[in-house]
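Structure first, commentary second.
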């Protein structure tokens, strides 16, 4: 059942300050509208309960990819297509380009935004595991100022975040990974394209001699939030990759994730796939001398 369009209100603030003033003066009344890729699904189904929205798509200060003081800033309104086309991100953060290519079709990639993907707070989203692996910070802005939150602390539960009702996501900030870091990303879904993930796996590893140095592992669709796996990382750090380590890390990962049965998959399948992807990641490192 389609929603009745005249029952909704959409306004277009001229500036970021005007947009933030709407949130300040009516917290919870107005909600931002960027790419709209998730909202349109709810609207078409007649399930979009909120009625007042304001567009931020035109606000140039929330767009673009740049670098300053060794950190890269991705504006919240940067689209997946913008991520794919960024040479800077391709050189230093290749997992983001891989994730962007896995997100929907071309139309979705042209409209969907990095900030919207984060704010939607779905544990099945494609880019958040890569952002966790890269140690991202989320920049939040309101009429009273700005603050940064480690992305690892941003999601507090299913569809819940630390954002206040008067805040917008302005950007994501990323520190550059070390030279020689190994990057890995895989999404497993029902189809090879335009599917919601059953398991999404991102990882990064640095070598110290012939052993693993820092290792970061993050997964989507295996917990109420996109999940970083510090216990599995601790098992791996400082060790050489061999059969014993593969078994120990796989067993720890199975204990660390909490997948569920739902319409897309089962908890058993998700656990098996997550363990297999960890093995693929580690075996690839072993084959290249780590």
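Numbering (the working numbering), first residue to last: 1469 to 1758.
For each residue, glycine too, the CB sits at the ideal point set by N, CA and C.
Are the beta-carbon atoms belonging to residue i and residue j less than 9 angstroms from one another?
i            : j            : result
residue 1634 : residue 1612 : yes
residue 1702 : residue 1684 : no
residue 1500 : residue 1523 : yes
residue 1665 : residue 1689 : yes
residue 1691 : residue 1591 : yes
residue 1567 : residue 1653 : yes
residue 1561 : residue 1687 : no
residue 1693 : residue 1753 : no
residue 1628 : residue 1589 : yes
residue 1617 : residue 1638 : no
residue 1484 : residue 1527 : yes
residue 1539 : residue 1477 : no
residue 1503 : residue 1525 : yes
Identify, in the order they occur along the chain, each residue of the same chain with its Cβ nearer than 8 angstroms to the Cβ of residue i, setting aside the five sequence neighbours on each side.
i            : result
residue 1640 : 1541, 1542, 1544, 1582, 1583, 1586, 1599, 1604, 1605, 1606, 1607 and 1619
residue 1645 : 1560, 1561, 1602, 1651, 1672 and 1674
Please work out which residues of its chain come closer than 7 angstroms, Cβ to Cβ, to residue i, disregarding the five sequence neighbours upstream and downstream, and give them in chain order.
i            : result
residue 1558 : 1565
residue 1747 : 1714 and 1718
residue 1656 : 1665, 1666, 1667 and 1741
If you draw a straight line from the C-alpha of residue i to the C-alpha of residue j, how long is it?
i            : j            : result
residue 1576 : residue 1707 : 41 angstroms
residue 1506 : residue 1705 : 38 angstroms
residue 1514 : residue 1508 : 10 angstroms
residue 1490 : residue 1480 : 11 angstroms
residue 1761 : residue 1475 : The structure shown does not extend to residue 1761, since the chain spans only 1469 to 1758, so no value can be given for it.
residue 1677 : residue 1750 : 16 angstroms
residue 1578 : residue 1529 : 18 angstroms
residue 1552 : residue 1731 : 30 angstroms
Got a sec? Which residues, its chain only, sit under 6 angstroms from residue i by beta carbon, not counting five neighbours each side?
i            : result
residue 1696 : 1600, 1620 and 1686
residue 1737 : none
So residue i packs on residue j, CB below 8 angstroms; how close in whole Å?
i            : j            : result
residue 1531 : residue 1546 : 6 angstroms
residue 1580 : residue 1573 : Between residue 1573 and residue 1580 the Cβ distance is about 10 angstroms, and since that is not below 8 angstroms, they are no contact.
Just to confirm the assignment: which complete beta strand (DSSP E) runs, minimum length 3, are found wholly within the stretch 1562-1592?
none
Quick one: which unbroken beta strand (DSSP E) runs of 3-plus residues sit fully inside the stretch 1590-1622? Chain order, please.
1605-1610 and 1613-1618
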